[in-house]
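Novice:
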Amino acid sequence: MMDRKVVRYQFDDVVVDGSNFRMMRGGVVLDVEPKALRVLLFLIGNRGRVVTKEELAAEVWADTFVTDNAL
């Protein structure tokens, strides 16, 4: 049996739970668009460095064309 890596970040009373792909505030699950949560998790995971729009597009939108406005 493989152990699953726990990915969880907390800011004040907000918890971003990457393992369960959800975001909570004060223990209440928030309704967050999946792409917005993927963007947030990618940016948190790459904190401490500048992320290019190309990296972000490749990670979140993969094989989909997006305009700069969407980013």
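Be aware that the sequence shown starts at 1398, since it is given in my numbering, and climbs by one per residue. Glycine included, every Cβ here is placed at the ideal spot set by N, Cα and C. These numbers come from a predicted model, not from an experiment.
Using DSSP bridges, identify the partner residues of Arg-1419.
Specialist: Reading the sequence shown from its first residue, position 22 is the one you call residue 1419. Note: Arg-1419 sits in a beta bridge opposite Asp-1414.
Novice: DSSP three-state call for Arg-1405: helix, strand or coil?
Specialist: Here residue 1405 refers to the residue found at position 8 of the sequence shown. Arg-1405: strand per DSSP, three-state reduction.
Novice: Grab the span of the alpha helix (DSSP H) containing Glu-1451 for me, first residue to last.
Specialist: Locating residue 1451 in the sequence shown gives position 54, counting from the first residue. From DSSP, the alpha helix (DSSP H) with Glu-1451 extends over 1450-1453.
Novice: Report the three-state DSSP secondary structure of Val-1426 (helix, strand or coil).
Specialist: Here the question's residue 1426 lines up with position 29 in the sequence shown. Under the three-state reduction of DSSP output, Val-1426 falls in the strand class.
Novice: Report the residue from Gln-1407, Leu-1427, Val-1436, Asn-1417 whose alpha carbon sits nearest the alpha carbon of Ala-1455.
Specialist: Working through the sequence shown from its first residue, we reach residue 1455 at position 58. Among Gln-1407, Leu-1427, Val-1436, Asn-1417, the Cα nearest to that of Ala-1455 belongs to Val-1436.
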